[in-house]
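This report concerns only the one structure given below.
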Amino acid sequence: ETGVTQTPRHLVMGMTNKKSLKCEQHLGHNAMYWYKQSAKKPLELMFVYSLEERVENNSVPSRFSPECPNSSHLFLHLHTLQPEDSALYLCASSQGPHYGYTFGSGTRLTVV
Amino acid sequence: SQQGEEDPQALSIQEGENATMNCSYKTSINNLQWYRQNSGRGLVHLILIRSNEREKHSGRLRVTLDTSKKSSSLLITASRAADTASYFCATSRNSGYALNFGKGTSLLVTP
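So the sequences go chain by chain: A and B.
Sequential numbering from 1280 applies to the first sequence in my numbering.
Sequential numbering from 558 applies to the second sequence in my numbering.
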């Protein structure tokens, strides 16, 4: 247990489904992040929240919709995904922009 | 691009040997970090070195940073089978929150 908890660990969804990924941290960190990890590619930053405000959004398709209701929780809402969206989705938190990240174990998403 | 690039892509050594991985990047940074990932799990933060530091140690890990060459190295001494993992460097700019990762070095330590 790293201090950042992601659920579910595995998710298989059809292209017409709607699902949500959940991330929770109780480390007192101010910033939370969503990253996408695909095979043989560097981690891709998707979204950054600082004190519940979105501060970075890296040209992510609108079928991915983040939500940060408070500084401890972060969601990634998914709808009408494509097979190429299959990947490991990683949540992380940090004290701020120039500190180390604590990652969750990730959600392995398969879109069929 | 800001992201780091690790070298080599894969490294295979025997237990007890030292493992050295290198990272190069392209623009100025606030700090550089190294992470480990075990087979598709989350990344674990190993060490952070700031741009005004040249060397840092943590247990069996030694990290160096050469900002004039825009490069860093991670040395794992007396490696163990449990060190088998992928290792990533990540760079943080002076502005913004983004931490940019390389593709990683896959390390295999055999008994």
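No residue lacks a Cβ here, since even glycine has one placed at the ideal position from N, Cα and C.
{"Query": "Smallest Cα separation from B/Lys510: which of B/Ser608, B/Thr641, B/Ser636, B/Gln590?", "Result": "No statement about residue 510 of chain B is possible, as the shown extent of chain B runs from 558 to 668 and does not include it."}
{"Query": "Is there a Cβ of chain B sitting closer than 8 Å to that of A/His1392, yes or no?", "Result": "As shown, chain A starts at 1280 and ends at 1391. That puts residue 1392 of chain A outside it, with no answer to give."}
{"Query": "Note down, in chain order, each residue of its chain lying with its Cβ closer than 6 Å to the Cβ of B/Ser615, except the 5 sequence neighbours on either side.", "Result": "Ile604"}
{"Query": "Taking a contact to mean a Cβ-Cβ separation below 8 Å, would you say B/Thr621 touches B/Ser630 in this structure?", "Result": "yes"}
{"Query": "Closer than 9 Å, Cβ to any Cβ of chain E: which residues of the stretch 565 to 598 of chain B, in chain order?", "Result": "Protein chains in the displayed structure are A and B, and chain E is not among them."}
{"Query": "Roughly how many angstroms lie between the CA atoms of A/His1356 and B/Ser628, to the nearest whole one?", "Result": "38 Å"}
{"Query": "Let me know the secondary structure DSSP gives B/Ala639 once reduced to three states.", "Result": "helix"}
{"Query": "Tell me which same chain residues have a C-beta within less than 8 Å of the C-beta of A/Val1339, skipping the five on either side of it?", "Result": "Met1325, Phe1326"}
{"Query": "In whole angstroms, give me the CA-to-CA distance for B/Ser649 and B/Ile586.", "Result": "6 Å"}
{"Query": "Please give the ranges of any beta strand (DSSP E) in the stretch 1293 to 1374 of chain A, keeping only runs that are unbroken, at least 3 residues long and fully inside the region.", "Result": "1297 to 1304, 1310 to 1316, 1323 to 1329, 1332 to 1336, 1343 to 1349, 1352 to 1358, 1366 to 1373"}
{"Query": "Would you call the stretch 1342 to 1352 of chain A and the stretch 563 to 582 of chain B touching, i.e. three or more CB-CB distances under 8 Å?", "Result": "no"}
{"Query": "What residues from the stretch 632 to 657 of chain B come within 7 Å of chain A, judged by C-beta to C-beta, listed N to C?", "Result": "Ser649, Gly653, Tyr654, Ala655, Leu656"}
{"Query": "Which one or two residues does DSSP pair with B/His614 in a beta bridge?", "Result": "B/Arg619"}
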